[in-house]
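K.L.:
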Amino acid sequence: MQYEIKENTQALEPTYNERGELCTIVHETDATYTVASSPLHIVEHSCIYYGCAYEGRLEAAKLILGLKQMVPICVSNALRLYIMPTCSPDSDKCFWLAIRHIHHIEPYRQKKAKVILANGTSLIIDAHRDTLEARRAKTTLLYYTLEMRCGIYKVIEQKFPLWRLF
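Convert by adding 13 to the 1-based position in the sequence shown; the result is the number in the numbering used here.
Written out as structure tokens, the structure reads:
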């Protein structure tokens, strides 16, 4: 089963199945289930599904934010789907969190954080709270930068609707 990140996708949590294969626990606002793909594969597939390669979105975010690693991704600008990795996306411990669904982040034991999602679900992440808050801020900056840039096109579209060209 292929899974695409949607507006109700809150988090992608890595897990291993009984055969030792990396899979994903998908947390949605009203359901949780396991998908037989890695979190990174789901992110890559979702980017393609919405019309752009993961590598292109990654490179754009790197240039916009001036980051080299652990870069947030705009899965779909039109749907405002922005996600952030909790560590290196290549790590089998990397969660992907949708910033629109993060209610708050609090410290949890030593060098860990508890992420409370909008529906009340909590996830324990192997990263310091301040680190996750910094990544959340970078993801928010990516969101606002792209919204501002695309906002210009919205004004142009209102004056010169593209549908009139066809």
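For every residue, glycine included, the Cβ atom is placed at its ideal position computed from N, Cα and C.
Fair warning: this is a prediction, and the values are worked out from it, not measured in the lab.
Around the Cβ of Met161, are there at least 16 other Cβ atoms within 10 angstroms (buried) or fewer (exposed)?
P.N.:
Mapped onto the sequence shown, residue 161 falls at position 148. Exposed, since its Cβ has fewer than 16 Cβ neighbours within 10 Å.
K.L.:
From this set, Tyr62, Pro102 and Lys125, which residue's C-alpha is nearest Ile4's C-alpha?
P.N.:
Residue coverage of the chain in this structure runs from 14 to 179, which leaves residue 4 outside it and unanswerable.
K.L.:
Taking 8 Å as the threshold (C-beta atoms), are Thr99 and His40 in contact?
P.N.:
If you number the sequence shown from 1, residue 40 lands on position 27. If you number the sequence shown from 1, residue 99 lands on position 86. No.
K.L.:
At which residues does the alpha helix (DSSP H) containing Cys36 begin and terminate?
P.N.:
Along the sequence shown, one-based indexing puts residue 36 at 23. That residue, Cys36, is in no alpha helix (DSSP H); its beta strand (DSSP E) goes Leu35 to Glu41.
K.L.:
Looking only at C-alpha atoms, which of Leu154, Asn90 and Leu80 sits nearest to Cys163?
P.N.:
Stepping through the sequence shown from its first residue, residue 163 is reached at position 150. Nearest of Leu154, Asn90 and Leu80 to Cys163, Cα basis: Asn90.
K.L.:
Short of 6 Å in beta carbon distance, which residues of its chain neighbour His141, apart from the five on each side in sequence? Order them along the chain.
P.N.:
The residue given as residue 141 occupies position 128 in the sequence shown. Closer than 6 Å at the Cβ level, and outside the excluded window around His141, lie Lys124.
K.L.:
Suppose you measure from the CA of Tyr121 to the CA of Tyr157; what does that come to, to the nearest Å?
P.N.:
In the sequence shown, the residue the question calls residue 121 occupies position 108. In the sequence shown, the residue the question calls residue 157 occupies position 144. One C-alpha to the other measures close to 29 Å.
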